[in-house]
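Numbering-wise, the working numbering puts 115 at position 112 of the sequence shown, and it's gapless, one number per residue. In this text, a Cβ means the ideal position worked out from N, Cα and C, and glycines have one as well. No experiment lies behind these values; they were computed from the predicted model shown. See below for the structure under consideration.
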Amino acid sequence: MAGPTRTQQSTLSELADELMRVSRRRHTNVDGTELDMSAFKVLWVLSDDRPRTLRELADDLDLELSTINRQVNAAIRAGLLERFAVPGSPSRPVRPTREGRRLYEHDSAIHADLYRSVLAEMGADSVRELTQGLRAFNDAYERRAPRRTRD
Numbered sequence: 004m005a006g007p008t009r010t011q012q013s014t015l016s017e018l019a020d021e022l023m024r025v026s027r028r029r030h031t032n033v034d035g036t037e038l039d040m041s042a043f044k045v046l047w048v049l050s051d052d053r054p055r056t057l058r059e060l061a062d063d064l065d066l067e068l069s070t071i072n073r074q075v076n077a078a079i080r081a082g083l084l085e086r087f088a089v090p091g092s093p094s095r096p097v098r099p100t101r102e103g104r105r106l107y108e109h110d111s112a113i114h115a116d117l118y119r120s121v122l123a124e125m126g127a128d129s130v131r132e133l134t135q136g137l138r139a140f141n142d143a144y145e146r147r148a149p150r151r152t153r154d
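Laid out in structure tokens, this is it:
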């Protein structure tokens, strides 16, 4: 089987570069936000008002259980999350505290303003094309490389 052509290799390299640029933003705080990104992501998952176990959070965020355990414990110490007992169940899910909700709403508004300005700069047609392209990429990727199961 022949290897990729120079054009194919260039396209793959350009795509990888752009995906890395997007990935870096996943870990970057935006000016004016108060939460670190790990707490923001956990609170984002919990923003549907459905408490989660650590396993559920790890699955939702595609993280190792040990990672989510550290992040949740840090958020609990910071007063952003609380564990609670479920009658008849050994699990102790977590939910946002009032302060966690307040800070999440604050930071969400800042992120939303940034995204709105970026999308306005791009223009409606480019945004539509980007959304369709990302959806097609993600769907194809998920068909070719299904998520691995975690311990």
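Your pair residue 36 and residue 113 checks out as a contact, with CB atoms roughly 5 Å apart and the cut at 8 Å. Ranked by Cα distance from residue 54, the first of 119, 84, 33 and 128 is 84.
Of all alpha-carbon atoms in 103, 135 and 69, the one lying nearest the alpha-carbon of residue 79 is that of 103. Straight through space, the alpha carbons of residue 119 and residue 127 are spaced by roughly 11 Å.
Just measuring C-alpha positions, the residue of 144, 24, 42 and 8 sitting nearest residue 75 is 42. Boundaries for residue 67: no alpha helix (DSSP H) harbours it, and the DSSP string shows neither H nor E there. Under the three-state reduction of DSSP, residue 106 is assigned to helix. With respect to the C-alpha of residue 44, the residue from 70, 19 and 23 having the closest C-alpha is 70.
Residue burial annotation: residue 61 is buried, with at least 16 other C-beta atoms found within 10 angstroms of its C-beta. Boundaries of the beta strand (DSSP E) harbouring residue 98: 97-99, taken from the DSSP string. For residue 86, the enclosing beta strand (DSSP E) has its first and last residue at 84-86. Per DSSP, residue 136 is one residue of the alpha helix (DSSP H) stretching across 127-147. In the structure shown, the three-state DSSP call for residue 80 is helix.
Between residue 47 and the set 17, 109 and 89, the nearest pair of CA atoms involves 109.
By the C-beta density criterion, residue 99 is buried, having at least 16 other C-beta atoms within 10 angstroms. Just so you know, the alpha carbons of residue 86 and residue 94 end up roughly 10 Å apart.
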